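A quick write-up on the structure given underneath.
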Amino acid sequence: MNLIEAQQIIAEVVTGRRRVASKEVDSAYDILKQNSGYKAALSELLEAASEDCSCQDFQGRIAEFRELSPAEREDELPEMAAHAEFCLPCRRALWEKEQKIWKTLATAARTHCRVLTEPLRLVLQRGERIEERGTGFPSVEPFLALGAQMTLGPSDDLAPPLRHRRKEWFLKDDDADCGVRLLVELTGTGQTTLRCSLEGETGKVPQLDQVRIEIRRARSNSLFLAGPLSNFQADPIVLTPEAWLIKLIPSNALDILPWEIPLELENSEDWTDD
Ligand SMILES: [Zn+2]
Numbered sequence: 226m227n228l229i230e231a232q233q234i235i236a237e238v239v240t241g242r243r244r245v246a247s248k249e250v251d252s253a254y255d256i257l258k259q260n261s262g263y264k265a266a267l268s269e270l271l272e273a274a275s276e277d278c279s280c281q282d283f284q285g286r287i288a289e290f291r292e293l294s295p296a297e298r299e300d301e302l303p304e305m306a307a308h309a310e311f312c313l314p315c316r317r318a319l320w321e322k323e324q325k326i327w328k329t330l331a332t333a334a335r336t337h338c339r340v341l342t343e344p345l346r347l348v349l350q351r352g353e354r355i356e357e358r359g360t361g362f363p364s365v366e367p368f369l370a371l372g373a374q375m376t377l378g379p380s381d382d383l384a385p386p387l388r389h390r391r392k393e394w395f396l397k398d399d400d401a402d403c404g405v406r407l408l409v410e411l412t413g414t415g416q417t418t419l420r421c422s423l424e425g426e427t428g429k430v431p432q433l434d435q436v437r438i439e440i441r442r443a444r445s446n447s448l449f450l451a452g453p454l455s456n457f458q459a460d461p462i463v464l465t466p467e468a469w470l471i472k473l474i475p476s477n478a479l480d481i482l483p484w485e486i487p488l489e490l491e492n493s494e495d496w497t498d499d
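Start counting the sequence shown at 226; every next residue gets the next number (my numbering).
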């Protein structure tokens with residue numbers, strides 16, 4: 226690693242643009258310290274960081290950002306896109322109003338379904354914690370989540386805090402008077418599990434045995450699992466790190482459009498089996 230590379234690594238840490246392995250940060254810091262020009266280098270970094278988007282900048286231009294598609298955001302306002310990815314309060318503000326969670330898509334002749342407007346993206350850090358990526362609909366804090374009691378298992382004092390191991394969403398669909406609760410969790414053995422249920426405040430919420438769940442691999446569209454949603458409540462579904470499509474299909478008699486949730490799971494870049 227040379228000085229330029231060391232500077233880049235520290236810059237990435239300061240601005241939060243990329244998660245960097247702690248070993249890498251240590252060596253980068255050692256190189257900077259040994260270099261006589263390190264003070265100048267550090268002040269350059271701090272200057273660069275101050276040019277980065279702050280929460281105040283983000284909130285000031287949030288309406289403009291909201292108008293753009295995810296691809297346009299990356300192109301036109303990359304510093305805001307990077308900020309929303311790592312700043313949960315700003316991402317919540319982004320979705321607070323006007324931002325639609327679902328859109329209706331025509332799938333085949335006269336059939337429609339409700340698809341999330343942006344995929345849910347998660348990165349699994351070294352099999353120990355889950356982090357959200359992208360600007361998709363933000364997760365809820367697990368301690369606020371109503372479904373939390375579903376997965377309480379034996380406690381383990383050494384385990385990282387619950388919010389690092391569990392991401393939970395309530396994806397409300399106003400057209401259906403109910404919503405999908407989705408819970409992704411890393412188990413103690415490093416497996417990624419998924420639980421899914423339906424919730425709502427009215428009597429219109431479908432019974433779980435009236436809803437079929439289908440999980441497909443997004444790349445090949447091949448079917449991974451299917452059955453009544455009620456069959457997958459006691460034991461969670463184990464998913465490998467790849468792109469998934471989760472479909473929930475209420476029985477025809479209910480007159481509710483199916484939901485389709487793209488869920489992208491990936492391992493962090495620096496993940497090694499050491
Ligand atoms: Zn922010």
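Where is the CB? At the ideal position from N, CA and C, for every residue including glycine. All values derive from a computational prediction rather than experimental measurement.
Three-state secondary structure (DSSP) of residue i
i: Q232; result: helix
i: Q458; result: coil
i: V238; result: helix
i: S422; result: strand
i: F283; result: helix
i: V245; result: coil
i: N260; result: coil
Residue i, enclosing alpha helix (DSSP H) - first and last residue
i: F290; result: I287 to E292
i: V348; result: Note, V348: premise wrong, no alpha helix (DSSP H); beta strand (DSSP E) at L345 to Q350.
i: P295; result: P295 to E301
Residue of the options minimising C-alpha distance to residue i
i: A401; options: G352, C278 and K429; result: K429
i: G452; options: H337, A236 and I471; result: I471
i: V409; options: M305, T465, R244 and K258; result: T465
i: H308; options: E292, Q324, R286 and W327; result: R286
i: V436; options: G415, A478 and G352; result: A478
i: P363; options: T329, L411, L313 and K325; result: L313
i: Q432; options: P475, F457 and G413; result: P475
i: D422; options: S493, L341, L396 and R441; result: Position check: residue 422 holds Ser in this sequence, whereas Asp was assumed. Checking every option, the nearest Cα to that of S422 belongs to L396.
i: F449; options: F457, D282 and I440; result: I440
i: C280; options: L257, L319, S447 and E426; result: L319
i: D398; options: L293, E299, A306 and I486; result: I486
i: Q458; options: I438, R317, M226 and F290; result: I438
i: E393; options: G361, T414 and G415; result: G361
i: K328; options: E321, A246 and P344; result: P344
i: L341; options: Q350, G352 and I326; result: I326
i: R391; options: G413, D282 and E297; result: G413
i: M226; options: S447, D251 and E310; result: D251
i: R444; options: N456, E489, H389 and T417; result: E489
i: R388; options: C403, E356, G415 and T417; result: E356
i: D216; options: N260, T336 and R442; result: An answer regarding residue 216 cannot be provided, because it is not within the stretch 226 to 499 covered by the chain.
i: A246; options: A333, K322 and R351; result: R351
Supposed contact pair residue j and residue i - C-beta distance, whole angstroms, cut 8 Å
i: E249; j: I229; result: That belief does not hold up - the Cβ atoms of E249 and I229 are roughly 14 Å apart, past 8 Å.
i: R420; j: P461; result: 5 Å
i: R354; j: R346; result: Not really, about 15 Å apart at Cβ, beyond 8 Å.
i: C338; j: L454; result: With 8 Å as the limit, C338 and L454 do not qualify as a contact, their Cβ atoms being about 16 Å apart.
i: I277; j: E304; result: The amino acid at residue 277 is misidentified as Ile; the sequence shows Asp. Confirmed, Cβ separation roughly 6 Å.
Range of the contiguous beta strand (DSSP E) that encloses residue i
i: V405; result: C403 to L411
i: R358; result: R354 to R358
i: L396; result: R391 to D398
Residue-level contact to chain D via CB, residue i, 9 Å cutoff
i: E494; result: Looking for chain D here will not work: only one protein chain is present.
- Message: Just to confirm the assignment: which complete beta strand (DSSP E) runs, minimum length 3, are found wholly within the segment 308-341?
- Response: Those beta strand (DSSP E) runs which fall completely within the segment 308-341 and span 3+ residues are 327-333 and 336-341.
- Task: Within the segment 428-496, note down every full beta strand (DSSP E) run reaching 3 residues or more, in order along the chain.
- Result: Correct list: 436-442, 448-453, 462-464, 468-475 and 484-492.
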